[in-house]
Amino acid sequence: MEFKRKDLSDELLRELYTAMLRPRMIEEKMLSLLRQGKISKWFSGIGQEAIAVSAAIVLEEDEWIFPMHRNLGVFTVRGIPLSSMFSQWQGKAEGFTKGRDRSFHFGTKAHRIWGMISHLGPQLSLASGIALAHKLAGEKKLSIAFTGEGGTSEGEFHEALNVASVWKLPVIFIIENNGYGLSTPVSEQYACKSLADRGLGYGMKSHSVDGNNVLEIYALLSKVAKEIRSNPEPVLIECRTFRMRGHEEASGTKYVPQELMDEWAQKDPIMNYRNFLLDEKVLESEQIDNIEDSIKKEIKKELKIAEKATDVDIELHTELRDVFAPYKHIQVDASGPLRNLRFVDAVSEGLNEVMKKWDKAVLMGQDIAGYGGVFKITEGFIDRYGLDRVRNTPLCESAVIGIALGMSMKSYKPMVEMQFADFVSCGFNQIVNNLAKIHYRWGHNADVVIRMPTGGSVGAGPFHSQSNEAWFAHTPGLKIVYPSNPGDAKGLLIASFEDPNPVLFFEHKALYRSLEGDVAEGYYNTEIGKAKCLREGNELSIITYGLGVHWAVDAVKRKNIDADILDLRTIVPLDYEAIESSVRKTGKAIVLHEDTLFGGIGAEISAYITEHLFESLDGPVIRVASLDTPIPFNSALEKQFLANNRLDEALDKLKAY
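Residue numbering for the sequence shown is 25 to 681, as defined by our numbering.
Structure follows, in structure tokens:
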């Protein structure tokens with residue numbers, strides 16, 4: 025291993041050595057504690073210290089870094105108190121996740137470190153989101169994200185690189201190619217000669233570097249960081265290294281040939297660099313001993329602090345409270361004159377009010393800029409707000425949602441439009457594992473709105489007509505809003521942007537141009553989580569939302585039924601108080617939704633009524649939903665599929681009960 029110091033000072037050379045030695049010695053202590061049962065799991069980065077340390081030292085203090093399991097050097101260079109990390113690894117209250125997540129699955133805004141999830145691609149998109157925020161703000165900053173050679177097989181790796189390249193984002197993607205994805209060797213992970221070559225396919229600069237040579241990595245990262253701060257663009261860097269221990273300690277390394285282990289042991293980044301410093305007389309043996317002694321004392325002292333740290337307080341209220349970021353709705357009543365607007369125009373007006381109020385509101389989606397979106401909701405927006413704030417995206421749903429989450433850390437208010445709600449399946453992981461869980465895990469709120477054109481009755485078939493709100497209602501941490509009329513569409517959309525939590529905003533496509541209603545001019549909001557009783561009655565209650573509201577209104581008029589019609593407006597959180605009030609009054613309930621029957625929202629509401637309001641019931645709770653099949657294209661088949669085809673029968677049955 026050849027070290028080229030060039031013009032680096034002795035002080036920096038010593039700093040790099042100490043920075044690598046500290047995580048190595050901490051790891052050795054943690055492995056001892058693991059054997060003693062004092063920590064539950066460990067992912068070792070022994071042999072890979074040069075990469076994390078170099079990246080963290082090269083970055084400026086206010087630049088974000090997105091590490092993985094084996095990047096302890098990032099945390100130590102950033103100066104996180106060891107006692108806090110020890111508490112994290114022991115699941116104590118003073119840990120960054122309050123015992124809710126383990127290992128390196130934590131972030132800290134104070135140290136500009138973003139906590140990873142186990143799915144190995146998403147952090148690349150999050151780093152791109154921070155990079156986009158830097159670019160929009162005109163800041164000469166960058167971000168760095170790590171992944172492994174196995175992670176480059178994930179779809180999000182390719183999505184993130186593609187979007188970053190198209191948008192010329194100032195981000196460095198580092199691949200730690202350590203030979204194995206758990207036990208799978210690189211020969212079974214990819215067929216290209218070098219992973220750095222993948223950057224070329226996305227039109228970005230790329231490099232392959234000896235990941236065990238700290239001076240080589242430091243020199244390259246310093247050069248690249250300086251260049252992209254002044255000329256924003258993404259760069260891919262492959263660091264060739266080796267994992268000297270198991271994927272995690274329990275898995276061992278029996279699958280690795282011994283000769284390969286022996287070969288890489290000779291390439292140890294710390295041992296070789298130490299010998300270089302001794303040869304160069306940058307360090308003396310006595311100084312090395314002093315550094316080691318100092319680190320040992322630091323570890324011992326910080327462990328004592330962690331040992332005295334408090335255990336997690338098992339407090340139900342706190343657990344439930346922390347699923348969402350705190351937010352108190354401040355009502356803004358409509359004050360402008362009423363106009364008769366189509367549903368689609370009310371949504372567009374809501375977005376326009378949001379864009380006027382918040383300079384950091386950014387809209388992203390496929391074809392939403394010059395074309396105005398497939399439903400023309402953002403038509404004319406680029407003339408008002410420019411291409412920076414109204415952004416066409418590649419067909420990379422997951423990456424764009426991740427970018428939105430990254431932007432939110434920099435106080436942006438991003439909105440992602442799914443061209444059709446069906447397409448959100450391509451971004452599912454980012455929504456249910458990042459947006460939904462991040463506040464509960466380590467306290468960052470995901471201030472992101474995802475608009476979802478949804479529903480049938482338009483003859484669009486199985487991939488453009490699904491009702492998929494129930495996919496997300498089961499995941500704690502997401503708010504789900506579903507208006508049924510133009511006035512609520514505008515007010516609830518504005519409220520969704522005001523709320524600092526992730527909101528999935530469903531808009532029924534069949535209502536876009538078929539439904540008109542009174543909409544106030546100007547800025548107003550409608551509180552999330554509050555249902556509305558649209559029609560008072562005493563015979564029975566119909567609890568519904570979206571297009572189901574209009575089915576219900578039509579049915580009770582035709583059949584002359586004296587019914588309560590409760591428009592939920594919000595699926596999460598549900599307005600249980602309004603449900604109780606209606607059901608206690610009428611004693612009979614139908615839960616109506618367009619989604620398929622099995623596992624739909626109706627099952628949850630029905631169960632709640634049965635469990636909590638049983639003594640008020642004068643008949644069974646009846647669910648009316650669409651068939652448990654994919655939604656068909658043919659109009660006659662679609663009519664048979666949809667829930668309203670069975671509503672009259674349910675009304676007759678319950679009324680006569």
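Yeah, the Cβ is synthetic: ideal placement off N, Cα and C, and Gly gets one too.
Buried/exposed call for SER107, threshold 16 Cβ in 10 Å: Here residue 107 corresponds to residue number 83 of the sequence shown, with the count starting at 1. Note on SER107: 16 or more other CB atoms within 10 angstroms of its CB, so buried under the neighbour-count rule.
Start-end ranges of the alpha helix (DSSP H) lying completely within the segment 298 to 362, minimum 4 residues: Complete alpha helix (DSSP H) runs here, min 4: 309 to 331, 340 to 345.
Taking DSSP as the reference, what is the three-state secondary structure of CYS450? In the sequence shown, counting from the first residue as 1, residue 450 sits at position 426. The three-state secondary structure of CYS450, taken from DSSP, is helix.
Inter-stretch contact at 8 Å, needing at least 3 Cβ pairs: the segment 483 to 498 / the segment 617 to 624: Verdict: yes, contact present.
Terminal residues of the continuous beta strand (DSSP E) containing ILE566? Translated into positions along the sequence shown, residue 566 becomes position 542. In this chain, the beta strand (DSSP E) harbouring ILE566 covers 564 to 568.
Leaving aside the five residues before and after GLU601 along the sequence, list all residues of the same chain whose C-beta is less than 8 Å from its C-beta, in chain order. Reading the sequence shown from its first residue, position 577 is the one you call residue 601. Within the same chain, no Cβ atom closer than 8 Å to the Cβ of GLU601 is found once the five residues on either side in sequence are excluded.
Are the beta-carbon atoms belonging to MET92 and MET140 less than 8 Å from one another? Working through the sequence shown from its first residue, we reach residue 92 at position 68. Working through the sequence shown from its first residue, we reach residue 140 at position 116. Taking the C-beta atoms as reference points, MET140 is found nearer than 8 Å to MET92.
Separation of ALA117 from GLY374, as counted between CA atoms: To locate residue 374, count along the sequence shown from 1; it is residue 350. To locate residue 117, count along the sequence shown from 1; it is residue 93. Distance between the alpha carbons of GLY374 and ALA117: 42 Å.
Helix, strand or coil for PHE622 per DSSP? Translated into the one-based positions of the sequence shown, residue 622 becomes position 598. Reduced to three states, the DSSP call for PHE622 is coil.
Residues bridged to LYS503 (per DSSP): Position 479 of the sequence shown holds residue 503. DSSP links LYS503 through a beta bridge to VAL527.
Whole angstroms is fine: what's the gap from ASN509's alpha carbon to LEU590's? On the sequence shown, position 485 is the one that residue 509 refers to. On the sequence shown, position 566 is the one that residue 590 refers to. ASN509 and LEU590 have their C-alpha atoms roughly 13 Å apart.
Kindly indicate the opening and closing residues of the beta strand (DSSP E) around PHE197. Taking the sequence shown and counting its residues from 1, the one referred to as residue 197 is at position 173. From DSSP, the beta strand (DSSP E) with PHE197 extends over 195 to 201.
Does the structure place the segment 556 to 575 close enough to the segment 601 to 611 that three or more beta carbon pairs sit under 8 Å? The segment 601 to 611 vs the segment 556 to 575: in contact.
Can you tell me which of PRO507, ALA445, ALA519, GLY511 puts its alpha carbon nearest to the alpha carbon of GLN490? Against the sequence shown, residue 490 aligns to sequence position 466. Nearest of PRO507, ALA445, ALA519, GLY511 to GLN490, Cα basis: ALA445.
At least 3 beta-carbon pairs within less than 8 Å: the segment 84 to 91 vs the segment 49 to 68: Short answer: they don't touch.
Same chain only: Cβ atoms within 6 Å of ASP383, ignoring 5 sequence neighbours per side: Position 359 of the sequence shown, counting from 1, holds the residue named residue 383. Result list for ASP383: empty, nothing under 6 Å.
From PRO194 to GLU212, what distance separates their C-alpha atoms? Here residue 194 corresponds to residue number 170 of the sequence shown, with the count starting at 1. Here residue 212 corresponds to residue number 188 of the sequence shown, with the count starting at 1. If you take the alpha carbons of PRO194 and GLU212, they lie about 31 Å apart.
4 or more residues per run - each alpha helix (DSSP H) lying fully within the segment 227 to 287: If one requires a minimum length of 4 residues, the alpha helix (DSSP H) runs lying completely within the segment 227 to 287 are 238 to 254, in chain order.
Separation of VAL371 from MET442, as counted between CA atoms: Stepping through the sequence shown from its first residue, residue 442 is reached at position 418. Stepping through the sequence shown from its first residue, residue 371 is reached at position 347. Their backbone Cα atoms lie some 14 Å apart in a straight line.
Excluding the 5 residues flanking LYS28 on each side, which residues of the same chain have their C-beta closer than 7 Å to its C-beta? Indexing the sequence shown from 1 puts residue 28 at position 4. LEU239.
What residue range does the alpha helix (DSSP H) around LYS609 cover? As a working mapping, residue 609 is identified with position 585 in the sequence shown. For LYS609, the uninterrupted alpha helix (DSSP H) segment begins and ends at 600 to 610.
When you compare each of LEU502, SER230, LYS437, TRP191 to ASN416 by their alpha carbons, which one comes out closest? Position 392 of the sequence shown, counted from the first residue, corresponds to residue 416. Taking only the C-alpha atoms, the option nearest ASN416 is TRP191.
On the CB-based measure, 16 or more other CB atoms within 10 Å of its CB, does ALA188 come out buried or exposed? As a first step, residue 188 must be located in the sequence shown, where it is residue number 164. Buried is the call here.
In the DSSP output, which residue or residues are listed as bridge partners for SER167? As a working note, residue 167 is residue 143 in the sequence shown. Per DSSP, VAL195.
For ASP676, does the three-state DSSP call read helix, strand or coil? Within the sequence shown, numbered from 1, the residue matching residue 676 stands at position 652. Correct three-state label for ASP676: helix.
HIS532 - partner residues in DSSP beta bridges: In the sequence shown, the residue the question calls residue 532 occupies position 508. As computed with DSSP, HIS532 is found in a beta bridge with THR478.
If contacts are defined as beta-carbon pairs under 8 Å, then GLU531 and ARG475 qualify, I think. What distance do you get, rounded to the angstrom? Within the sequence shown, numbered from 1, the residue matching residue 531 stands at position 507. Within the sequence shown, numbered from 1, the residue matching residue 475 stands at position 451. Contact flag correct, Cβ pair sits at about 6 Å.
With LEU558 as the anchor, note down where its alpha helix (DSSP H) starts and where it stops. Residue 558 sits at position 534 when you count from the first residue of the sequence shown. Following the DSSP letters along the chain, one finds LEU558 in no alpha helix (DSSP H) but inside the beta strand (DSSP E) bounded by residues 556 to 559.
Beta-carbon proximity list for ILE81, same chain, < 8 Å, skipping 5 on both sides: By 1-based counting over the sequence shown, the position of residue 81 is 57. Hits under 8 Å: GLU39, LEU40, ALA43, VAL101, TYR242.
With distance defined between alpha-carbon atoms, name the residue in GLY235, ASN236, HIS231 nearest to LYS247. Mapped onto the sequence shown, residue 247 falls at position 223. Taking only the C-alpha atoms, the option nearest LYS247 is HIS231.
Please classify MET442: does DSSP put it in a helix, a strand, or coil? Working through the sequence shown from its first residue, we reach residue 442 at position 418. Coil, per DSSP.
Pick from LEU156, LEU36, ASN669 that is closest to LEU387, judged by C-alpha positions: Against the sequence shown, residue 387 aligns to sequence position 363. Nearest C-alpha to LEU387: LEU156.
What's the C-alpha gap between ILE354 and GLY553? Residue numbering aside, residue 354 sits at position 330 when the sequence shown is read from its first letter. Residue numbering aside, residue 553 sits at position 529 when the sequence shown is read from its first letter. When rounded, the separation of the alpha-carbon atoms in ILE354 and GLY553 is 13 Å.
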